[in-house]
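Count along the sequence shown from 1, then add 233; that gives the number in my numbering. No residue lacks a Cβ here, since even glycine has one placed at the ideal position from N, Cα and C. Just so you know, these numbers come straight off a predicted model, no measurement behind them. What follows is a short report on a single structure.
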Amino acid sequence: MKDEVDGRREIASRNTAWAHIIARKLTRWGVTPNQISMMSVFFTLIGCLLLISTVIYPDFNKYVAYILFIVCMQSRLLCNLFDGMVAIEGGKKSANGDLYNDMPDRFADALFIIPVGYVAGGFGIELGWLAALLAVMTAYFRWIGAYKTQQHFFNGPMAKQHRMALLTFAFVVAICTLHWGYEQMVCLITLIVMNIGLIATLIYRLYLMSHTTNHEIK
């Protein structure tokens, strides 16, 4: 799927009544899109610290940590939703909006994915760092595509929303299997799947941008 050059991904929940109600309230309260974007970094840092704490401190309650990690991931996605809505629908778009919209996501990808590797342990650590690097590269490819074709390619199979969905599902499974000690295996399998999906995403986006001509640009 291609989106316009403003860089906003098509999100189905953007058209829901509850999203518009919350966006209007945030606009009336004077909350800026850039503040919302930076809040996503806050939730990311909390999520990262929660996972790292389970590795450093063996007695740290993993059930609580994993549940809150899921909450932090979903909160990040909500920030991604509302910063754009307040900026566009709320008429608060700023000159540095694109910077604040995109840069926090790069930190969020790394700080959410890397600690999963440490939870997995062993070879999972390298897989976590590799997945974080590839996730950042997907955004780099998207912006190259935008420069070349004037449109953003948000295609998966392991775009941002897919990564967060995969991690959310993985930690739901991890919570369910904590009693048997399978959380490390769950995280390792998740990172293997994510890396394969990210490589496929890079190849697909490269194919799309190299096969899109100016005549195809709307």
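In its chain, beyond the 5 residues on either side, V352, A353 and G354 have a beta carbon closer than 7 angstroms to the beta carbon of Q417. In the three-state reduction of the DSSP assignment, H444 falls in the coil class. Rounded to the nearest whole angstrom, the C-alpha separation of M391 and I346 is 13 angstroms. At a Cβ-Cβ threshold of 9 angstroms, V304 and D342 do not count as neighbours.
In the structure shown, the three-state DSSP call for Q383 is coil. The beta-carbon distance between L259 and L283, rounded to whole angstroms, is 26 angstroms. This is too long to meet the 8 angstroms contact definition. Between P266 and the set G324, V319 and N428, the nearest pair of CA atoms involves V319. Our two residues, V419 and P337, have alpha carbons roughly 27 angstroms apart in a direct line. Put simply, of G378, F374, D316 and V406 the residue whose alpha carbon is nearest the alpha carbon of V274 is D316.
In this structure, L424 and G350 form a Cβ contact; the two beta carbons are roughly 6 angstroms apart against a cut-off of 8 angstroms.
Of the other Cβ atoms in all chains shown, fewer than 16 fall within 10 Å of the Cβ of T249; this residue is therefore exposed. Annotated three-state conformation of V264 is coil, per DSSP.
Beyond the five residues adjoining it in sequence on each side, K326 comes within less than 8 angstroms, by CB distance, of P266 and A320 in the same chain, given in chain order. Rounded to the nearest whole angstrom, the C-alpha separation of V405 and A298 is 12 angstroms. The residue among G389, G324 and A379 with its C-alpha nearest the C-alpha of M442 is A379. Exclusion of the five residues before and after M427 leaves A364, M391, R396 and L399 as the residues of its chain whose Cβ lies within less than 7 angstroms of its Cβ. Secondary structure of N294 (DSSP, three-state): coil. Short of 8 angstroms from the beta carbon of I358, and not among the five residues preceding or following it, lie these beta carbons of its own chain, in chain order: G350 and Y351. Scanning W251, L367 and Y290 for the CA closest to the CA of A433 turns up L367. C409 sits exposed, since fewer than 16 C-beta atoms from the chains shown fall within 10 Å of its C-beta.
When I255, I422, L332 and G324 are compared, the shortest CA-CA separation from M271 is found for L332. Within the model, the alpha-carbon separation for D292 versus I254 is close to 42 angstroms.
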